[in-house]
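**Q** Chains as they are written, first to last, in the numbering used here: chain R, 1 to 160; chain Z, 1001 to 1160. Glycine included, every Cβ here is placed at the ideal spot set by N, Cα and C.
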């Protein structure tokens, strides 16, 4: 693979990953989120944007490493599941911040966590570095799942 | 396989699973646990023993179904990992209630959850019913992981 195509590919995977983040960010926290009872271990709001930016860049690099080594057809289960987890990732923001449904968002984030785990294993088989860059993402979504669960249980009642 | 040997096998797997629970129960909640700050969604203490008893029975049935169909040598990765998750399960009680280390217990329970997920997949391949009976266990340990995390974060400071 030529260097130019490799570099273009990196840009493409980064843009794709960051685009999922951008779609999710269209459903921003607002008055509803402010009104929720939070667990004591809820991180400060300012933490989320920089953490997510780093994670989208890392996952884009991971997908690029796999694509560069095996091509889309050579690693299609891994890369298709990678695209699916991007969809689950953006869907979470819609369910939680858009629909105000922490219950549905929790189901989504559990499916997302399992998808990331499988993607990390499949990426690792192609290139251990591609698997390794998925691990901070896996850890963060695990934490976010617990946070989502706590927010759901601390705020019972109908969606508003 | 004769009926007698099949029935003995069921008893064996049930005893093994319940034994892991019994070992764990040697490290019972006491004054230290009572003193912990709890999240609002902490279940009543009376819930845990009946839930765990049902889960140990279900997992014993699952392992028995796989063992009956494939034998130990025919499903050794699944059954070895099943034994390993029993160890991680008992270890959790020791780390949490014995050592008063919610931090180490959290690492253990995350590993336990991943092990149960893999066991459920491997069991499902042998017999879908064996995979299905692992799902309540998977869900409960997922919930317990979040609870462990919340108890860790709500109670910072050195182990006592």
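Are any of the Cβ atoms in chain R nearer than 8 Å to that of residue 1149 of chain Z?
**A** For the purposes of this step, residue 1149 of chain Z is taken as residue 149 along the second chain, with counting starting at 1. Judged by the 8 Å Cβ criterion, residue 1149 of chain Z is in contact with chain R.
**Q** At the level of alpha carbons, what is the spacing between residue 66 of chain R and residue 1125 of chain Z?
**A** Walking along the first chain from the start, residue 66 of chain R turns up at place 66. Walking along the second chain from the start, residue 1125 of chain Z turns up at place 125. Cα to Cα, the separation comes out at about 28 Å.
**Q** In three-state DSSP terms, what is residue 112 of chain R?
**A** Walking along the first chain from the start, residue 112 of chain R turns up at place 112. It is helical.
**Q** Under 8 Å between the Cβ atoms of residue 130 of chain R and residue 123 of chain R?
**A** Position 130 of the first chain, counted from the first residue, corresponds to residue 130 of chain R. Position 123 of the first chain, counted from the first residue, corresponds to residue 123 of chain R. The answer is yes: Cβ separation under 8 Å.
**Q** To the nearest angstrom, report how far apart residue 146 of chain R and residue 1093 of chain Z are at their CA atoms.
**A** By 1-based counting over the first chain, the position of residue 146 of chain R is 146. By 1-based counting over the second chain, the position of residue 1093 of chain Z is 93. Computed Cα separation, rounded: 20 Å.
**Q** Does the pairing of the stretch 1042-1062 of chain Z with the stretch 1008-1016 of chain Z give three or more beta-carbon distances under 8 Å?
**A** Verdict: yes, contact present.
**Q** Let's test the definition: count the other Cβ atoms within 10 Å of the Cβ of residue 1119 of chain Z and tell me whether it reaches 16, buried, or not, exposed.
**A** Numbered from its first residue, the second chain carries residue 1119 of chain Z at position 119. Looking at its Cβ environment, which holds 16 or more other Cβ atoms inside 10 Å, residue 1119 of chain Z is buried.
**Q** In angstroms, rounded to a whole number, what distance separates the CA positions of residue 1101 of chain Z and residue 1095 of chain Z?
**A** Stepping through the second chain from its first residue, residue 1101 of chain Z is reached at position 101. Stepping through the second chain from its first residue, residue 1095 of chain Z is reached at position 95. Going by the C-alpha atoms only, they are around 6 Å apart.
**Q** Along the chain, which unbroken stretches of the beta strand (DSSP E) at least 3 residues long are found entirely within the stretch 34-69 of chain R?
**A** As far as the stretch 34-69 of chain R is concerned, it has no whole beta strand (DSSP E) run of at least 3 residues.
**Q** Return the CA-CA distance between residue 18 of chain R and residue 69 of chain R, expressed in angstroms with no decimal places.
**A** As a working mapping, residue 18 of chain R is identified with position 18 in the first chain. As a working mapping, residue 69 of chain R is identified with position 69 in the first chain. The alpha-carbon atoms of residue 18 of chain R and residue 69 of chain R are separated by roughly 22 Å.
**Q** Relative to chain Z, which residues along the stretch 33-44 of chain R have a C-beta separation below 7 Å, given in chain order?
**A** Going along the stretch 33-44 of chain R in chain order, one finds 39, 40 and 41 with a Cβ nearer than 7 Å to chain Z.
**Q** Quick check on the burial criterion: 16 or more other C-beta atoms within 10 angstroms. Buried or exposed for residue 1153 of chain Z?
**A** Along the second chain, one-based indexing puts residue 1153 of chain Z at 153. When all chains shown are included, residue 1153 of chain Z counts as buried.
**Q** Where does residue 27 of chain R fall in DSSP's three states?
**A** As a working note, residue 27 of chain R is residue 27 in the first chain. Residue state, collapsed to three classes: coil.
**Q** With a threshold of 16 other CB atoms inside 10 Å of the CB of residue 141 of chain R, please say whether the residue is buried or exposed.
**A** By 1-based counting over the first chain, the position of residue 141 of chain R is 141. Counting Cβ neighbours within 10 Å, residue 141 of chain R comes out buried, since at least 16 surround it.
**Q** My guess is that residue 52 of chain R and residue 21 of chain R are in contact by the Cβ rule of under 8 Å, so how many angstroms apart are they, rounded?
**A** For this step, residue 52 of chain R is matched to residue 52 along the first chain. For this step, residue 21 of chain R is matched to residue 21 along the first chain. Right, the Cβ-Cβ distance comes to about 6 Å (below 8 Å), so this counts as a contact.
**Q** Determine, using beta carbons only, whether residue 1106 of chain Z and residue 1149 of chain Z come nearer to each other than 8 Å.
**A** Counting from one through the second chain, the residue named residue 1106 of chain Z turns up at place 106. Counting from one through the second chain, the residue named residue 1149 of chain Z turns up at place 149. A contact, by the Cβ cut-off of 8 Å.
**Q** If you reduce the DSSP assignment to three classes, tell me which class residue 1133 of chain Z lands in.
**A** Numbered from its first residue, the second chain carries residue 1133 of chain Z at position 133. Residue state, collapsed to three classes: coil.
**Q** Between residue 137 of chain R and the rest of its own chain, which residues show a CB-CB distance below 7 Å, the 5 nearest in sequence each way excluded?
**A** Position 137 of the first chain holds residue 137 of chain R. 55, 58, 59 and 116, listed in sequence order.
**Q** Using a Cβ-Cβ cut-off of 8 Å, state whether residue 1153 of chain Z counts as contacting chain R.
**A** Numbered from its first residue, the second chain carries residue 1153 of chain Z at position 153. Chain R contact via Cβ: present.
**Q** Which stretch, first to last residue, makes up the alpha helix (DSSP H) that contains residue 1089 of chain Z?
**A** The sequence position of residue 1089 of chain Z within the second chain is 89, counting from 1. Taken as a continuous stretch (DSSP letters only), the alpha helix (DSSP H) holding residue 1089 of chain Z covers 1076-1093.
**Q** Is the CB-CB distance between residue 1030 of chain Z and residue 1090 of chain Z below 8 Å?
**A** Within the second chain, numbered from 1, the residue matching residue 1030 of chain Z stands at position 30. Within the second chain, numbered from 1, the residue matching residue 1090 of chain Z stands at position 90. No.
**Q** Buried or exposed for residue 144 of chain R, please, with buried defined as at least 16 other CB atoms from any protein chain shown within 10 angstroms of its CB.
**A** Within the first chain, the letter at position 144 stands for residue 144 of chain R. So residue 144 of chain R counts as buried.
**Q** Given this structure, state the Cα-to-Cα distance separating residue 1088 of chain Z from residue 1108 of chain Z, to the nearest angstrom.
**A** On the second chain, residue 1088 of chain Z is found 88 positions in, with the first residue counted as 1. On the second chain, residue 1108 of chain Z is found 108 positions in, with the first residue counted as 1. Going by the C-alpha atoms only, they are around 6 Å apart.
**Q** On the criterion of 16 or more Cβ atoms from any shown chain inside 10 Å, does residue 1040 of chain Z qualify as buried, or is it exposed?
**A** Counting from 1 along the second chain, the entry for residue 1040 of chain Z is found at position 40. It counts as exposed.
**Q** Here's the rule: buried if 16 or more other CB atoms are within 10 angstroms of the residue's CB, otherwise exposed. What is residue 1113 of chain Z?
**A** By 1-based counting over the second chain, the position of residue 1113 of chain Z is 113. The residue is buried, with at least 16 neighbouring Cβ atoms inside 10 Å.
**Q** Whole angstroms is fine: what's the gap from residue 37 of chain R's alpha carbon to residue 1042 of chain Z's?
**A** As a first step, residue 37 of chain R is located in the first chain; it is residue number 37 there, counting from the start. As a first step, residue 1042 of chain Z is located in the second chain; it is residue number 42 there, counting from the start. C-alpha separation (whole angstroms): 15 Å.
**Q** Buried or exposed: where does residue 133 of chain R fall if 16 or more other Cβ atoms within 10 Å of its Cβ makes it buried?
**A** Taking the first residue of the first chain as position 1, residue 133 of chain R is located at position 133. By the 10 Å Cβ count, residue 133 of chain R comes out buried.
**Q** What number of angstroms, rounded off, separates the C-alpha of residue 1050 of chain Z from the C-alpha of residue 1044 of chain Z?
**A** By one-based count along the second chain, residue 1050 of chain Z stands at place 50. By one-based count along the second chain, residue 1044 of chain Z stands at place 44. Residue 1050 of chain Z and residue 1044 of chain Z: Cα-Cα distance of roughly 12 Å.
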